[in-house]
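**Student:**
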Amino acid sequence: MILHTINKTSSHESLNQQLSDTVDACDSVILIENGAYQAQQLTSTPVNHWSQTAKNIYVLERDALARGVSMSIDKINYIDYTKFVELSLLHDKVISWY
Amino acid sequence: MSILLVQQSAPYGNSSAKEALDIALSAATFEQDISILFTGDACYQLMANQNSEKIDQKNISQMLKALPIYGIEEMYVDEDCLRKRQITHLTDSSSIKKLSKTDIKKMYQSADTVIRL
Chain A
1 MILHTINKTS SHESLNQQLS DTVDACDSVI LIENGAYQAQ QLTSTPVNHW
51 SQTAKNIYVL ERDALARGVS MSIDKINYID YTKFVELSLL HDKVISWY
Chain B
99 MSILLVQQSA PYGNSSAKEA LDIALSAATF EQDISILFTG DACYQLMANQ
149 NSEKIDQKNI SQMLKALPIY GIEEMYVDED CLRKRQITHL TDSSSIKKLS
199 KTDIKKMYQS ADTVIRL
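Structure (structure tokens):
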């Protein structure tokens, strides 16, 4: 059970591809910094995209708010730093994709 | 306690490759179980015939060759990334194992700690 963080937009294709190749069905992904923009595109991702595999997808609330990213996207859980810390401890390890 | 160090930068443009080496050597000094995976542009670190003295830098591939002396035997490269970059001649290819996407996913899953840089 891995917690993945990604801080880049979807235009970083190779990074997103590597994440897709790595994510397992019991893993979760947190969108942070510019990664928050990806929250808006998750409705139209291809079959083996990480967002289709991951168990839960989170976005850091303040990063989304700062960028004007919608706060009511279906698949997304909006979290604060406290929850981020909690999730880090609940998973076996954290992998940063940047 | 196993550490997977994932490298993704080409050798001489920035300090990333050297910093990764420092991490690997420090970990080995403290007898940690560390493996190194070369992916993306980090494959360029493994190219044969590097002459980095021409740009006044230490030869990364020579330093990588020395890692087994420090107890770092586990070195891997993403075979897809090699193919995409048309890298056919590796330095000291005997000690670096080529891995498929599936193998790499397993490595990420089984390591206790993953460091990407």
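These protein sequence lines are chains A and B, in that order. Start counting the first sequence at 1; every next residue gets the next number (our numbering). Start counting the second sequence at 99; every next residue gets the next number (our numbering). Think of the CB as a built atom: it goes at the ideal place given N, C-alpha and C, for glycine as much as any other residue.
I'd like to know whether the C-beta of Asp-210 of chain B is nearer than 9 Å to at least one C-beta of chain A.
**Tutor:** yes
**Student:** Since Ile-95 of chain A meets chain B, which of its residues come closer than 8 Å, beta carbon to beta carbon?
**Tutor:** Tyr-206, Val-212, Arg-214
**Student:** With respect to the beta strand (DSSP E) encompassing Thr-200 of chain B, which residues constitute its N-terminal and C-terminal limits?
**Tutor:** Premise fails: Thr-200 of chain B lies in the alpha helix (DSSP H), 199-208, not in any beta strand (DSSP E).
**Student:** What number of angstroms, rounded off, separates the C-alpha of Val-85 of chain A from the C-alpha of Ile-79 of chain A?
**Tutor:** 10 Å
**Student:** Would you tell me roughly how many angstroms separate the C-alpha atoms of Lys-195 of chain B and Val-94 of chain A, rounded to the nearest one?
**Tutor:** Using only the alpha carbons, I get a separation of about 25 Å.
**Student:** Tell me the residue span of the beta strand (DSSP E) that contains Val-23 of chain A.
**Tutor:** No beta strand (DSSP E) holds Val-23 of chain A; DSSP gives it neither H nor E.
**Student:** Does Ala-127 of chain A pass the burial test, meaning 16 or more other C-beta atoms within 10 Å, or should it be called exposed?
**Tutor:** Nothing about residue 127 of chain A can be reported from this structure: the residues present for chain A run from 1 to 98 only.
**Student:** What did DSSP end up calling Tyr-110 of chain B once you bin it into helix, strand or coil?
**Tutor:** coil
**Student:** If you pair each beta-carbon of the stretch 130-142 of chain B with each one of the stretch 100-114 of chain B, do three or more pairs fall below 8 Å?
**Tutor:** yes
**Student:** The stretch 5-18 of chain A: which residues have C-beta closer than 8 Å to a C-beta of chain B, in chain order?
**Tutor:** Ser-14, Gln-18
**Student:** Could you confirm whether any beta carbon from chain A is found closer than 9 Å to the beta carbon of Ile-202 of chain B?
**Tutor:** yes
**Student:** Name, please, each residue of chain A whose Cβ falls closer than 8 Å to the Cβ of Gly-138 of chain B.
**Tutor:** Ser-14, Gln-18
**Student:** Go ahead and label Asn-16 of chain A buried or exposed: buried means 16 or more other beta carbons lie within 10 angstroms of its beta carbon, across all protein chains shown.
**Tutor:** buried
**Student:** Out of B:Glu-171, B:Asp-176, B:Asp-131, which one is the CA nearest neighbour of Thr-211 of chain B?
**Tutor:** Closest option to Thr-211 of chain B, Cα to Cα, is B:Asp-131.
**Student:** Can you check which of these residues, B:Glu-117, B:Lys-203, B:Ile-121, B:Ser-192, is closest to Asp-176 of chain B by C-alpha distance?
**Tutor:** Minimum Cα distance to Asp-176 of chain B is reached at B:Lys-203.
**Student:** For Gln-2 of chain A, would you say it is in contact with chain B, using Cβ-to-Cβ distances shorter than 9 Å as the test?
**Tutor:** The amino acid at residue 2 of chain A is misidentified as Gln; the sequence shows Ile. Closer than 9 Å: yes.
**Student:** How would you list, in chain order, the residues of chain B whose beta-carbon sits under 8 Å from the beta-carbon of Thr-43 of chain A?
**Tutor:** Chain B residues near Thr-43 of chain A: none, gap ~26 Å exceeds 8 Å.
**Student:** Can you pull out the residues from the stretch 17-39 of chain A whose beta carbon lies closer than 8 Å to at least one beta carbon of chain B?
**Tutor:** Here the close residues are Gln-18, Asp-21, Thr-22, Asp-24.
**Student:** Output, in chain order, the set of chain A residues within a Cβ distance shorter than 7 Å of Lys-196 of chain B.
**Tutor:** Within 7 Å Cβ-Cβ: nothing; Lys-196 of chain B doesn't reach chain A, min ~16 Å.
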